[in-house]
Amino acid sequence: MSLALGRRATLGAALAFPALGAAWAQQRFDSLFVFVPAAPGGGWDLTGRAIEQAARTAGLVGSFQFENVGGGGGMVGLPRFVNQRRGQANALIVGGSIMLGTGITGKSSVTVRDVPAIARLTSEAGVIVVPAASPYRDFAGLAAALKANPGAVPIGGSVAGGIDHVMLGLILKALGRSPRDASYVGFQAGGQNIAAVLGGQVQASISGYSEFSEQIKAGRLRALAISGETRLEGEGSDIPTLREQGVDVTLANWRGVFGAPGTTAAQQQALASLMGAIHATPQWKEILRTRAWADAFLAGEAFARFVEKDIADTEAVLKDLGLA
Amino acid sequence: MDTLAALAGGFATALTPTHLLFAFVGCFLGTAVGVLPGIGPALTVALLLPITFQVPATSAFILFAGVYYGAMYGGSTTSILLNTPGESATIITALEGHRMARAGRAGPALATAAIGSFVAGTIATLALTFAAPVVVELALKLGPAEYFSLMVVAFVAVSAVLGASALRGLACLFLGLLLGIVGVDLQTGQPRFTFGMIEFLDGIEVTIVAVGLFAVAETLHLATRRKHGEDEILPVQGSLWLSKSDWARSWKPWLRGACIGFPFGAIPAGGSELPTFLSYYMERKLSKNPGEFGHGAIEGVAGPEAANNASAAGVLMPMLTLGLPTSVTAAIMLSAFQSYGIQPGPMLFVTQGDLVWGLIASLYVGNVMLLILNLPLVGLWVKILKIPTPQLYAGILVFATIGSYGVSNSVIDLLVMYGVGIVGLFMKRYDFPVAPAVIGMILGPLAEQAFRQALTISQGDVTTFITRPISASFLVVALLLAFGPKLWSAWVATQQRARA
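As they're listed, the protein sequences go chains A and B. At position 238 of the first sequence (counting the first as 1) the number is 238 in our numbering, and the numbers step up by one without a gap. Every position in the second sequence, counted from 1, becomes a number in our numbering once 1000 is added.
Written as C-alpha cells, this is what we have:
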C-alpha cells in the first residue's frame, strides 16, 4: 500500500463528503444514541464514531449522541446501558468478542446475552509473530517446539484470559498439550507487547494483525500464521492460516453493535436495516480501507446465532485455561 | 546533514500561520487541561480525535503535540500553588514547590518550573531529532528483568520522600502498593482486591488517588484547622522572577533532569513519573543544603519538572520511529495516525517525512510558545493565592470533582477520591507523608508485573536478574545508592582516624 497516496486519497475523500451529503438518502432515524463501553480513542469508540461519520454524511441519521463508560473490558458500561436504556428503540451499544471473555472471567451478572444482537461490523484475525532473527522459520518449527515443551517458549500477548491468550490455548490444545502448560506473558498496553517481541524478550507474540502489520512489512517481525478462516486479502495475503498448517483453530476479534433490552423485534429489525444501509455507503467502505478493518457484516438472527456459539466456545477455552 | 535539511523542511511546514495557530491552540488547551486535576492530555487528545475528519494530518498532529507538551507545563502550576497535582508526573513537584509557595516564593517556583520545562523540552527535542533511532534500539534491549531491576533503583530513590520517620514513610508506601495491585492481574487474569465490584477491574486510577490525597485531604485539613489559625499561606513576597542564586541553583537540576527524563520516555514501561522520583532523589543527594529539602528547595522543583518534560519528548521517539506507544496519549495519537490511513511504524520517517519533520519542528515551536505563554502567566497565577482560603479551596474541590468524574464518568471514582481524601486527612493530621503512597501505587504494579514476566520468561529461574548484564548493572547501581554513601563516609572516617 502506498502510504503517501493513501493519505492524499483520504483527504480527497474527506473534502468530497459534504458534496456527497447533498444527495441525501432517506433519513431512517431522527437521532441515535450510541453507548461506548470503553474510553475515547479505543477500537470500540472508533467503531462508534465511524458509524456516526458514515450515517451522517449519507443522511441516514439526523443527530448522534455518545456516552463513553470505560472499564473492565466493557463490563462496567454494559450493566449501565442495560439499566438506563431499557426499551429505548434508538439506543445502540458497541461491543465485541472481548466482552465475552471478560463477562465470563469476571463472573458478571449482566452479559452480552442481555442485549439483543443487531449487527457484526468488522473483525480482525490474530497473528502469531516471531522476531526476524528467530530460529523459527515457519509455524511448523514453532509448533514442534511448543509440542516438545510449551514452558520453554515464552509467548507474549495482552492480559491473561484475553483473546490472545485464548488463541494460544486453542493452539496448544490442537497440538495435544494442555493450555495450562503455556508460558504466557501478559503485557499491559499493545506497545509493550510489540517492544517485547521486537527486542527478543519473548520468543513469539500474539495480537491482532494491525498491531504488528508495520513491523511485518518492515521485516522486523516474521508472521508465522493467521487465525482467520481464510487468508487476509491484499496486504498480508502471504501469511498462511493456522488451518492450512494443520492446526484446526480459527478465532477473530470482532466488533459490532447491540440494541437495548426490552425493545420489540420490529424495533431491532429497524436498527439492523439501518446498519445494513450504513454498511452499503461508500463512506463506510472508505473508513474500512483507511482503518484497515476487515468487513465482517452479519446482521439480525444470523449474528445472534454467531454470538451464542462464540460465547460457548470462549467459555470452553477459558475452562481449559483454568480461568472460568 | 540529511537530518538538518529535513528539519529545515519541517520548520517551513511548522512556521506557516495556520500551523502556528494550531500549535498555539494546542499549547493553550494543553496548559488548561494540565491545570485541571484529573483531566489529562490523553483524554483531551481523545476528545479532539474527531478533528481528524476535518483538517490535514500535519495540522492535527501539531495540535496534539501542543496539547501533550502544554499539559506537562500546566500540571506543575496547581502542584506548586495549591498542592494539587494536575498530572501524576507533577506529584513530586508539589513536595517542594508548594512549600516554596507557602513561604511566599510561588513566583520563582513557577518560573523555574516553566524555564526548566523549556530547557529540558528543547534538549529532549534535540535528542529526539538526532538520536531517536539509536535510543529506541537500546530501549528494546530492556526486557522485564531489566525493568524490575530499574524499579529496585526507583525504590531506593523513594527513600528521599519518606520524610522524617522511615516507619511512617514505609507504612504509606505499602498502602500505595496495596492500592496499586487492585484490579485484574495481567499474568493470571484474576481480579484482586476488587470486592466483586466490576468498577475496580481496571484498577484504581493514580490521578484519582493523588487528587484525593493532595487536594481533598488538603481542603479537609484546612477546614478542620482553620480556627487554630495554622497553615496560613504567606502572601507572595519579593520578586516573582528568579534571583541570581535561584538561577545558580536551578540550571544544573534542569540539565540533569533532562538527561534522566529523556531515556525513560523511550522505555516501553518507563512512564513520566519514574524519572521525576529519580531526579528528586538525585537533587536531594547532590544538594549543598539538603536540610532545605522538605521546606521548599528550588532544586526539588527544577529537576523533576525538567525530567517530566524531557520524558514527554522521549515518548514520541518510539512512537515515531517504531510505531510503539509508550504512554496512553501516544496510543491515542497512533490511532489518530490510522484515521488518516497512515500506519505508524518503522517506515514512517520514509513514507511520511513531511509530516514527521513538521511535527518535530512544531515541538521546538511549541516549546518556545509555551515559555512565552507561561512566564507572563506566573504573575496571574500567583494572584490565585490572594483568593481567601475558604473560597479558593471550595473552588479546588469543585474542579477536582469535575475533573475526576470527567475521566471515566464514574461515581465510584468520586467515592474513591473522597474516601482517599478522608484517609489523607488523618495522614496529614498524624504526620504521615502522602507522597510515598502515590509513588508506591505507581511503582508497585510495574515492579510486580515486571518481576513475574521476567520469571515466566526465565521459567522460574531467579538468577535471570543477575545473569543479564543490564539488569545486573541496575542492581549494582541500586546497591551503591543504598549503601554507597554510608560506606563512603565510614571509609572517610577511618582514613581520618588513621591520619590523626
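Note that beta-carbon positions come from the ideal geometry of N, C-alpha and C, so glycine has one too. As the structure is a computational prediction, the values presented were derived from the model and not from experiment.
If you draw a straight line from the C-alpha of residue i to the C-alpha of residue j, how long is it?
i: V1216(B); j: L1036(B); result: 14 Å
i: Q1187(B); j: L1004(B); result: 45 Å
i: G262(A); j: V110(A); result: 14 Å
i: L1316(B); j: G1265(B); result: 8 Å
i: M167(A); j: I1115(B); result: 50 Å
i: L318(A); j: I118(A); result: 26 Å
i: N1289(B); j: A1160(B); result: 14 Å
i: L323(A); j: I1422(B); result: 37 Å
i: V1368(B); j: E214(A); result: 34 Å
i: A1171(B); j: I1412(B); result: 25 Å
i: M1427(B); j: P1263(B); result: 35 Å
i: G1406(B); j: P1485(B); result: 46 Å
i: V1045(B); j: A140(A); result: 43 Å
i: A1127(B); j: G1121(B); result: 10 Å
Note down, in chain order, each residue of its chain lying with its Cβ closer than 7 Å to the Cβ of residue i, except the 5 sequence neighbours on either side.
i: A1210(B); result: P1085, S1088, I1091, V1438
i: T1018(B); result: S1059
i: L1475(B); result: S1149, V1152, F1465, I1466
i: D138(A); result: L224
i: P1304(B); result: I1092, T1093, G1257, T1276, S1279, Y1280
Looking at the unbroken alpha helix (DSSP H) that takes in residue i, where does it start and where does it end?
i: S63(A); result: From DSSP, S63(A) is part of no alpha helix (DSSP H) but of the beta strand (DSSP E) over 61-68.
i: P131(A); result: That residue, P131(A), is in no alpha helix (DSSP H); its beta strand (DSSP E) goes 117-131.
i: L1047(B); result: 1041-1048
i: S1279(B); result: 1273-1286
i: Y1364(B); result: 1353-1383
i: I1115(B); result: 1106-1140
i: Y184(A); result: Unbroken run through Y184(A) is the beta strand (DSSP E), 184-186; no alpha helix (DSSP H).
i: S1059(B); result: 1057-1082
i: G1169(B); result: 1166-1180
i: G141(A); result: 139-148
i: R287(A); result: Note that residue 287(A) is Ile in the sequence shown, not Arg. Start and end: 282-291.
When the Cα of residue i is compared with those of the options, which residue comes out closest?
i: D164(A); options: A152(A), A38(A), E286(A), V129(A); result: V129(A)
i: P1433(B); options: A1113(B), L1213(B), P1017(B); result: L1213(B)
i: A248(A); options: A266(A), L172(A), G300(A); result: Per the sequence shown, the amino acid found at residue 248(A) is Asp instead of Ala. It is L172(A) whose Cα lies nearest to the Cα of D248(A).
i: G336(A); options: A270(A), L146(A), Q188(A); result: Past the boundaries of the shown model lies residue 336(A); chain A is included only from 1 to 324, so the question cannot be answered.
i: R231(A); options: V127(A), Q84(A), G74(A), V82(A); result: V127(A)
i: G1300(B); options: M1100(B), L1020(B), V1356(B), A1006(B); result: M1100(B)
i: A1111(B); options: G1196(B), A1306(B), G1009(B); result: A1306(B)
i: Q1449(B); options: G162(A), V257(A), V185(A), V61(A); result: V185(A)
i: A1154(B); options: P1275(B), P1376(B), H1221(B); result: P1275(B)
i: G77(A); options: T1052(B), E1199(B), A1482(B); result: E1199(B)
i: T1456(B); options: I311(A), H279(A), V202(A); result: V202(A)
i: L1029(B); options: G1074(B), R1497(B), P1346(B); result: G1074(B)
i: P150(A); options: S183(A), G246(A), V36(A), L60(A); result: S183(A)
Between which residues of its own chain and residue i is the CB-CB distance below 6 Å, once the five residues before and five after are set aside?
i: V1365(B); result: A1014, A1023
i: W293(A); result: T122
i: A179(A); result: Reading off the sequence shown, one finds Pro at residue 179(A), where the question assumed Ala. G169, L172, K173, D320, L321.
i: S1471(B); result: A1145, E1146, S1149, F1465
i: A1478(B); result: V1152, V1153, V1156
Nearest chain C C-beta to residue i closer than 8 Å, yes or no?
i: L1140(B); result: Absent here is chain C; the protein component of the structure consists of chains A and B.
Just curious, the beta strand (DSSP E) that residue i is in, first and last residue?
i: A296(A); result: 294-299
i: I93(A); result: 91-96
i: A223(A); result: 221-226
i: S31(A); result: 29-36
i: G246(A); result: Where G246(A) is concerned, there is no enclosing beta strand (DSSP E), given that its DSSP letter is neither H nor E.
i: N253(A); result: 252-259
i: S205(A); result: 204-208
Taking 7 Å as the cut-off, is the C-beta of residue i nearer than that to any heavy atom in the ligand ATP?
i: F1349(B); result: Annotation note on the ligand ATP: not contained in the displayed structure, which lists no ligands.
Suppose the cutoff is 8 Å on Cβ atoms and the five residues either side in sequence are ignored; what does the same chain contact list for residue i look like?
i: M1319(B); result: P1325, T1326, A1330, M1333, L1334, P1344
i: R1499(B); result: none
Original post:
Going along the region 115-149 of chain A in order, which residues come within less than 7 Å of chain B, judged by CB to CB distance?
Top reply: none
Original post:
Looking at chain A, which residues of the region 1183-1214 of chain B have a Cβ within less than 8 Å of any of its Cβ atoms?
Top reply: V1184, D1185, L1186, Q1187, T1188, G1189, Q1190, P1191, I1198, E1199, L1201, D1202
Original post:
In chain order, what residues of the region 47-77 of chain A put their CB closer than 8 Å to some CB of chain B?
Top reply: R49, Q53, E67, N68, V69, G70, G71, G72, G73, M75, V76
**OP:** Anything in the region 191-202 of chain A with a Cβ closer than 7 Å to a Cβ of chain B? List those residues in chain order, please.
**Re:** For the region 191-202 of chain A, which is checked against every Cβ of chain B, the residues closer than 7 Å are G191, Q192, I194, A195, A196, L198, G199, Q201, V202.
**OP:** Could you run through the region 1449-1482 of chain B and flag, in chain order, every residue whose CB is less than 8 Å away from some CB of chain A?
**Re:** Q1449, Q1453, T1456, I1457, Q1459
Subject >> chain A contacts made by the region 1309-1331 of chain B, where a contact means CB separation under 8 Å >> reply: Listed in sequence order: P1318, L1322, G1323, L1324, P1325, T1326, V1328, A1330, A1331.
**OP:** Taking a Cβ distance cut-off of 7 Å, strictly less, list which residues of the region 204-215 of chain A are near chain B, in chain order.
**Re:** S213, E214, Q215
Original post:
Just by C-beta distance, which residues in the region 221-242 of chain A are closer than 7 Å to chain B?
Top reply: none
Subject >> Selection of the region 263-291 of chain A by Cβ proximity to chain B, strictly under 8 Å >> reply: R289, T290, R291
**OP:** Quick one: which residues of the region 1433-1447 of chain B get their C-beta closer than 8 Å to a C-beta of chain A? List them in chain order.
**Re:** none
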